[in-house]
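Below is one structure; the comments refer to it alone.
2 protein chains.
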Amino acid sequence: MSTSATARPSTDARDAEHEALRVWLRLLTCTNLVEAQLRTRLRTNFDSTLPRFDLMAQLDRHPEGLKMSELSRLLMVTGGNVTGLTDKLAEEGLVERHDDPRDRRSFTVMLTAEGQRQFDRMAREHEQWVVGLLAGLDHAEKRQMLKLLDRLKAHLSTISD
Amino acid sequence: MSTSATARPSTDARDAEHEALRVWLRLLTCTNLVEAQLRTRLRTNFDSTLPRFDLMAQLDRHPEGLKMSELSRLLMVTGGNVTGLTDKLAEEGLVERHDDPRDRRSFTVMLTAEGQRQFDRMAREHEQWVVGLLAGLDHAEKRQMLKLLDRLKAHLSTISD
DNA sequence: CAAAAATACTTTACTCATGAATTAATTCGG
DNA sequence: CCGAATTAATTCATGAGTAAAGTATTTTTG
């Protein structure tokens with residue numbers, strides 16, 4: 003029990019490693035499968051993508067408009083990325099940059115009427131897709147999963163700060 | 003209770019939607035947090051990346067070597083991607099392409115001695131990182147999570163086929 | 001057996017992400 | 001009120017992913 007403690011972890015410790023790795027790989031697999039489905043359907047049904055959908059979702063949640071820096075923070079991506087996505091969505095007439103009268107460096111980004119219409123259609127379908135993809139878990143299991151993920155998230159937050 | 007059934011889902015159905023969305027968003031958040039940690043640590047400790055690590059892990063698991071097409075299938079990415087990763091790892095002397103005497107279109111990719119040494123070092127650390135990142139769940143919770151993820155994965159497999 | 005189909009890999013063009021450097025405007029301390 | 005520091009957004013270089021077209025080599029089949 004005490005021999006080779008430094009050379010190799012004990013059996014219990016190695017089982018723990020194995021179990022953590024297994025959980026992580028399943029987590030990754032499931033997330034990737036769901037994400038791949040959503041990407042494919044967004045592409046084939048709306049000729050759009052997840053990053054574009056997420057950006058539009060934030061604008062939908064904030065009808066007063068958002069600054070580029072706020073989008074960057076909310077989407078948890080860098081400013082350069084937001085610039086590129088916004089450029090393309092603006093080209094397609096789905097979002098608009100409005101000058102901020104208070105600060106000439108800044109402007110607020112908003113959905114256009116056309117952008118709002120397209121987002122509403124996408125959001126309705128998207129929600130149904132997620133319901134279908136998670137239908138493998140019943141109500142109780144979803145609640146259990148949520149609880150476990152909340153615990154995991156809480157722990158992860160203590161690490162990445 | 004029966005009015006506007008087609009116009010809007012019932013309260014129960016809308017709660018179900020909400021719950022599925024909540025589970026999905028937590029799943030995504032947790033996966034992204036773990037992945038970001040692993041990427042950062044791989045970068046700072048070994049000047050490498052997850053895709054490179056994953057490719058080398060497959061070669062480690064298959065010492066006889068793998069064809070490009072097999073890597074593509076195992077890593078669940080396209081052939082073009084495998085070509086690029088393999089090119090760079092080969093430049094750095096970590097993997098080698100060997101001509102297949104049976105089929106001149108094909109070759110087998112293997113870790114070099116240097117690649118094997120580097121992978122062994124990375125794998126040891128990587129496993130400990132995962133153990134630490136998932137330490138927010140105790141043994142029973144990890145088992146529970148694994149069970150739920152297995153059910154979810156089983157359901158997802160029936161969809162993406 | 002020669003033409004057609006399939007297979008293995010590469011190349012190219014595009015999307016999305018990052019980080020670092022740049023430009024321009026605002027704010028703050030002396 | 002002016003220069004320094006900060007802030008807002010963009011640009012550029014790089015890396016990883018896709019899909020689709022291209023090349024070369026089997027394999028299949030009529």
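From first to last, the protein sequence lines are chains C and U. First residue of the first sequence? That's 3 in my numbering, and the numbers climb one at a time after it. First residue of the second sequence? That's 3 in my numbering, and the numbers climb one at a time after it. For each residue, glycine too, the CB sits at the ideal point set by N, CA and C. It should be emphasised that the depicted structure is a prediction, and the values quoted were computed from it without experimental measurement.
Check your understanding: Given L151 of chain U, which residues of its chain have a CB within under 7 angstroms of its CB, disregarding the five upstream and five downstream residues?
Key -> Translated into positions along the second sequence, residue 151 of chain U becomes position 149. Taken in chain order, the list of residues that qualify is empty.
Exercise for review: Identify each residue in the segment 113 to 141 of chain U for which the Cβ-Cβ distance to at least one residue of chain C is less than 8 angstroms, and report them in chain order.
Suggested key: E129, Q130, V132, V133, G134, L135, L136, A137, G138, L139 and H141
Check your understanding: If A156 of chain C and G134 of chain U are in contact, beta carbons under 8 angstroms, what's the gap, nearest whole angstrom?
Key -> For the purposes of this step, residue 156 of chain C is taken as residue 154 along the first sequence, with counting starting at 1. For the purposes of this step, residue 134 of chain U is taken as residue 132 along the second sequence, with counting starting at 1. Not a contact, Cβ separation roughly 15 angstroms.
**Study point:** Proximal chain C residues relative to M70 of chain U, where beta-carbon distance stays under 7 angstroms
**Key:** The residue labelled residue 70 of chain U in the question sits at position 68 within the second sequence. Near M70 of chain U there are no residues of chain C at all, since even the closest Cβ is about 21 angstroms away, more than 7 angstroms.
Check your understanding: Could you check where the alpha helix (DSSP H) with L113 of chain C kicks off and where it finishes?
Key -> The residue given as residue 113 of chain C occupies position 111 in the first sequence. Run containing L113 of chain C: none in the alpha helix (DSSP H); it sits in the beta strand (DSSP E), F109 to L113.
Point to revise | As assigned by DSSP and simplified to three states, the class of V97 of chain U | key: Position 95 of the second sequence holds residue 97 of chain U. V97 of chain U: strand per DSSP, three-state reduction.
Exercise for review: Out of C:L40, C:N34, C:E21 and C:C32, state which residue places its alpha-carbon closest to the alpha-carbon of H128 of chain C.
Suggested key: Within the first sequence, the letter at position 126 stands for residue 128 of chain C. For H128 of chain C, the closest C-alpha among the options C:L40, C:N34, C:E21 and C:C32 is that of C:L40.
Review point. Is L40 of chain C helix, strand or coil by DSSP?
Key: In the first sequence, the residue the question calls residue 40 of chain C occupies position 38. Correct three-state label for L40 of chain C: helix.
Review point. With a cut-off of 8 angstroms, do at least 3 Cβ pairs link the segment 19 to 32 of chain C to the segment 27 to 41 of chain U?
Key: yes
Exercise for review: Taking only the alpha-carbon atoms, compute the straight-line gap between L136 of chain U and H64 of chain C and give it to the nearest angstrom.
Suggested key: As a working mapping, residue 136 of chain U is identified with position 134 in the second sequence. As a working mapping, residue 64 of chain C is identified with position 62 in the first sequence. So the two alpha carbons sit approximately 34 angstroms from each other.
Review point. Any Cβ of chain C within less than 8 angstroms of the Cβ of H157 of chain U?
Key: Taking the first residue of the second sequence as 1, we reach residue 157 of chain U at position 155. Yes, H157 of chain U lies at the interface with chain C (some Cβ there is under 8 angstroms from its Cβ).
Review point. Exposed or buried, what is S6 of chain U when buried is set at 16 or more other beta-carbons lying within 10 Å of its beta-carbon?
Key: For the purposes of this step, residue 6 of chain U is identified with residue 4 of the second sequence, where counting begins at 1. With a pLDDT of only 33 at S6 of chain U, under the threshold of 50, the placement of this residue in the model should not be trusted; the figure read from the coordinates follows. By the 10 Å Cβ count, S6 of chain U comes out exposed.
Review point. Can you name the start and end residues of the alpha helix (DSSP H) that P53 of chain C belongs to?
Key: Taking the first residue of the first sequence as 1, we reach residue 53 of chain C at position 51. Looking at the DSSP string, the run of the alpha helix (DSSP H) that includes P53 of chain C is L52 to R63.
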